Amino acid sequence: IDVLTDLFILRGAPSFIRSDNGPEFVAQAVRDWIAAVGAKTAYIEPGSPWENGYCESLNGRFRDELLNGEIFYNLREAQILIEQWRRHYNKKRPHSALGYRPPAPETIIPM
Numbered sequence: 001i002d003v004l005t006d007l008f009i010l011r012g013a014p015s016f017i018r019s020d021n022g023p024e025f026v027a028q029a030v031r032d033w034i035a036a037v038g039a040k041t042a043y044i045e046p047g048s049p050w051e052n053g054y055c056e057s058l059n060g061r062f063r064d065e066l067l068n069g070e071i072f073y074n075l076r077e078a079q080i081l082i083e084q085w086r087r088h089y090n091k092k093r094p095h096s097a098l099g100y101r102p103p104a105p106e107t108i109i110p111m
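The opening residue of the sequence shown carries number 1 in full-length UniProt numbering; numbering runs sequentially from there.
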C-alpha cells in the first residue's frame with residue numbers, strides 16, 4: 001500500500017484498480033484503502049487469468065527468467081538481482097510488438 005500511495009501522489013490515483021481475487025487484494029484493509037484514494041476495484045473473474053493478461057505475462061516471465069533459476073541467500077541479493085532483471089526487461093529486451101525494440105529504451109533511435 002505504501003508504494004502505491006507514493007505512486008498515486010506522483011501520478012494521481014487511477015479510476016480503477018484491476019486485480020485478481022487473491023487474498024492480498026480482497027483483504028478489508030486493502031479494499032478500505034482503495035476506497036479512501038477514490039478508486040474502484042475491478043476484479044477479474046475467478047479462474048480467468050486472461051482477463052489480466054499483461055500482469056500474468058509479466059509474472060510468468062519473471063518466474064521463468066529469474067526466480068526459477070536463482071537461490072537468494074539474503075534480501076539484499078534478491079533486491080539487486082531483481083532490479084537488474086527489471087532494468088533488462090524494460091530497457092534492453094526486444095519486444096516483437098514494438099518492432100523488436102525495448103519497451104523503455106535508454107536512448108531513442110529515430111526511425
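In this text, a Cβ means the ideal position worked out from N, Cα and C, and glycines have one as well.
These figures come from a predicted structure and were not determined experimentally.
Exercise. Determine which residues share a DSSP beta bridge with residue 122 and list them.
Key: Outside the shown range of the chain (1 to 111) lies residue 122, about which nothing can therefore be said.
Quiz item: Quick one: what's got a C-beta closer than 7 Å to residue 104's C-beta in the same chain, skipping five residues either side?
Solution: Along the sequence shown, one-based indexing puts residue 104 at 104. Only 90, 91 meet the Cβ criterion.
Quiz item: When DSSP labels each residue in this structure, what does residue 93 get in the three-state scheme?
Solution: Locating residue 93 in the sequence shown gives position 93, where the first residue counts as 1. Note: residue 93 maps to coil in three-state DSSP.
Self-check item: Cutoff 8 Å: residue 41 Cβ touching any chain D Cβ
Solution: Protein chain content of the structure displayed is limited to a single chain, and chain D is not contained in it.
Practice problem: Starting from the C-beta of residue 56, find all residues in its chain whose C-beta is less than 7 Å away, skip the five residues before and the five after it, and write them out in chain order. | Solution: Position 56 of the sequence shown, counted from the start, is the residue given in the question as residue 56. Once the five neighbours on either side are set aside, the close Cβ partners of residue 56 are 49.
Practice problem: Within its chain, find whatever has a CB closer than 7 Å to the CB of residue 25; leave out the 5 residues flanking it on each side and keep chain order. | Solution: Along the sequence shown, one-based indexing puts residue 25 at 25. If we look at residue 25 and ignore the five residues flanking it on each side, its Cβ neighbours are 19.
Quiz item: Leaving out the 5 sequence neighbours to the left and right, which residues in its chain are closer than 8 Å to residue 31 when beta-carbon positions are compared?
Solution: Along the sequence shown, read from residue 1 onward, the residue named residue 31 stands at position 31. Only residues of its own chain outside the window of five on either side were considered, and among them 41 have a CB closer than 8 Å to the CB of residue 31, listed in chain order.
Quiz item: Which residues in the same chain have their Cβ closer than 8 Å to the Cβ of residue 13, if we skip the five residues on either side of it in sequence?
Solution: The residue given as residue 13 occupies position 13 in the sequence shown. Non-local beta-carbon contacts of residue 13 in its own chain, meaning distances under 8 Å to residues more than five positions away in sequence, involve 37, 38, 39 in chain order.
Quiz item: Name the DSSP bridge partner or partners of residue 101?
Solution: Translated into positions along the sequence shown, residue 101 becomes position 101. Partner(s): 95.
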